[in-house]
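In the working numbering, the protein residues as written are 88 to 589. Note that CB positions come from ideal geometry on N, CA and C, so glycine has one too.
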Ligand SMILES: Cc1cc2nc3c(=O)[nH]c(=O)nc-3n(C[C@H](O)[C@H](O)[C@H](O)COP(=O)(O)OP(=O)(O)OC[C@H]3O[C@@H](n4cnc5c(N)ncnc54)[C@H](O)[C@@H]3O)c2cc1C
Ligand SMILES: *[C@@H]1O[C@H](CO)[C@@H](O)[C@H](O)[C@H]1NC(C)=O
Ligand SMILES: *[C@@H]1O[C@H](CO)[C@@H](O)[C@H](O)[C@H]1NC(C)=O
Ligand SMILES: *[C@@H]1O[C@H](CO)[C@@H](O)[C@H](O)[C@H]1NC(C)=O
Ligand SMILES: *[C@@H]1O[C@H](CO)[C@@H](O)[C@H](O)[C@H]1NC(C)=O
């Protein structure tokens, strides 16, 4: 009998503890923050505030004016051209596929010896290399992507049935694949990247779709129905106090206090933190009070945040054929064994350009991609230096000394941006991909008898199956909204028109 009444009391306390309309603050208006905030609303929470440090929503989905229009300075492609990819579905639903070029376009490949490489040949070698990389061994734990790549690429090149002249080209194409992997991961050296990186990655990520420069529209489309007055821009969160009891005059108390750079403070029941891993690395030790538990600090320290730069070039006239959608530069004599960037040879890492299409919309715009330390080096150059170097570079490869200089040069500066501090998360050698799951775990009150998620974490780097992507960010935010719904025993929201997760 006694036991039973205790149980009743316990239940009663728990019921009392659950507010009917909890105050929820979401930090960061990137895709993760937008995913969390919009889902919370769909689930029936009404007191949701979205705080963003910069003057714009979108985070790493960014834009800059170039030529006749805007270009995406961050995310640009939809990775995973499948209906059950929520980002593909949402982009389609919001009409972002208008003006998207129907044909794929051709690949123009030039070498340092002034040769033009046959597209079908290069495609064939590149695909064979990709296939090899995806057949990974089971014991990936302590192996590096760099070593594995070097070994496999060498084997493939050695066994390729072709004449000696093409051998060099085969190696060059494979090395190009290695350099692309540096861009995919954002790492400085493929030897820093764990071979386990794709162990848990979604195999739905097949096919990349160029959506004609419309990616930057997605964040605002998703926030269309979210109350404008609850999105606060230029609100830098400088401190998150949790596991406390902060009162307001009417007697209500809140366990969380979010302090802003301008001295303002917001009390809340829950805070969903979506700032990038780069920002967590820089600020985790000062941002939280009480400090983060050890396991969380370990996850933040052991995962890496890479760096990639996009160089956006606008030309008066195109020097490429009208059907070209990408341009690659190959060095014929390069050794394929190591893929590691080198700032002194930075131009060797500026080897890949996408042509912005359709031309009627963009004019003549190329986007060059570079990774790692090279990105820092380019960040430091003046616009004139960069323009001159790029022009020299193209003139050498086309053997045309009258090739024009770009009219305008822009570069994305995610690395030096204090609200990003890099581009995306990667898994370094020796780090378990499951550290991403630990990064995602919420923090509960020390006094709680059952989990009471006060500080929740979302963001691209918290999803081991989709990190580094827009949909990874989106589903991580939705995951945390769902976690709160479960806590408040809310029924799941009615099915949306697009899938919830991939
Ligand atoms: C150059 C580049 C190219 C990419 N290309 C692609 C691609 O083609 N396809 C693809 O799917 N993905 C791509 N990605 C990855 C994709 O952009 C990201 O995975 C995704 O946008 C991350 O969203 P997020 O919400 O996790 O983080 P973020 O977008 O970084 O959002 C975090 C937000 O928090 C804000 N913030 C930071 N600190 C504070 C603070 N203290 N207080 C308040 N607010 C704060 C930031 O300003 C930011 O708005 C690319 C990324 C980059 C950088
Ligand atoms: C990987 O290396 C670590 C540290 O050197 C070691 O503890 C671990 O057992 C290794 N794992 C495998 C699968 O070899
Ligand atoms: C990458 O690897 C090199 C050499 O192994 C090492 O010196 C460097 O610290 C590593 N960098 C990162 C970011 O892990
Ligand atoms: C870039 O400039 C900063 C500040 O001037 C300097 O500290 C840094 O070393 C430079 N980086 C490179 C790669 O040149
Ligand atoms: C060199 O480039 C210019 C500008 O694109 C072009 O007009 C010219 O025909 C090119 N010359 C050769 C030899 O291809």
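Shortest gap from the CB of residue 451 to any heavy atom of ligand 5: 7 Å or more.
Going by beta carbons, residue 403 and residue 482 fall outside the 8 Å limit. The alpha-carbon separation between residue 458 and residue 332 amounts to approximately 45 Å.
Within the DSSP bridge table, the entry for residue 440 names 414 and 455 as partners. In this structure, residue 307 has its beta carbon at no less than 7 Å from each heavy atom of ligand 5. In this model, residue 565 and residue 367 are separated by some 20 Å (Cα to Cα). In this chain, the alpha helix (DSSP H) harbouring residue 241 covers 232-246.
Residues of the same chain with a CB within less than 7 Å of the CB of residue 133, apart from the 5 flanking positions on each side, are 108 in chain order. DSSP, reduced to helix, strand and coil, places residue 356 outside both helices and strands of the structure shown, so it counts as coil. By the Cβ neighbour-count rule, residue 289 is buried, with 16 or more other Cβ atoms within 10 Å of its own.
Taking the Cβ of residue 362 as the reference point, at least one heavy atom of ligand 1 falls within a distance shorter than 7 Å. In this structure the region 442-455 lies against the region 388-407, because at least three pairs of beta carbons, one per stretch, are closer than 8 Å.
For residue 480, the enclosing alpha helix (DSSP H) covers residues 470-485.
Counting along the chain, residue 541 sits inside no alpha helix (DSSP H); it lies in the beta strand (DSSP E) bounded by residues 540-544. By the CB criterion at 8 Å, residue 544 and residue 527 fall inside the cutoff. Per DSSP, residue 118 is one residue of the alpha helix (DSSP H) stretching across 118-129. Here residue 260 carries a helix assignment [DSSP, helix/strand/coil]. Under the DSSP assignment, residue 346 falls in the beta strand (DSSP E) whose first and last residues are 343-347. Residue 513 is classed as buried because its beta carbon has at least 16 other beta carbons within 10 Å across all chains shown. Taking non-hydrogen atoms of ligand 5 into account, the C-beta of residue 582 is found less than 7 Å away from none of them.
By DSSP's assignment, residue 138 forms a beta bridge with 114 and 319.
Beta-bridge analysis with DSSP links residue 464 to no other residue. Counted as a single uninterrupted DSSP element, the stretch harbouring residue 402 is not any alpha helix (DSSP H) but the beta strand (DSSP E) occupying residues 395-402. Relative to ligand 5, the beta carbon of residue 490 is positioned inside 7 Å of a heavy atom. Around the beta-carbon of residue 171, fewer than 16 other beta-carbon atoms lie within 10 Å, marking it exposed. Contact check for residue 282 against residue 235 passes: the beta carbons are separated by less than 8 Å.
The criterion of a C-beta distance shorter than 8 Å is satisfied by residue 261 and residue 244.
In this structure, the CA atom of residue 473 is about 27 Å from the CA atom of residue 410. Exclusion of residue 479 from the 7 Å shell around ligand 5 follows from its C-beta lying no nearer than that to any non-hydrogen atom of the ligand. Nearest neighbour of residue 266 by Cα position, chosen from 338, 437, 505 and 146, turns out to be 437.
For residue 445, the secondary structure class from DSSP, reduced to helix, strand or coil, is coil. Take the alpha-carbon of residue 146 and the one of residue 167: they are about 21 Å apart. Judged by DSSP in its simplified three-state form, residue 270 adopts helix. Remark: the shortest separation between the CB of residue 391 and any heavy atom of ligand 1 does not fall under 7 Å. The three-state secondary structure of residue 166, taken from DSSP, is strand.
In this structure residue 310 is not in contact with residue 156, their Cβ atoms being roughly 21 Å apart against a cut-off of 8 Å.
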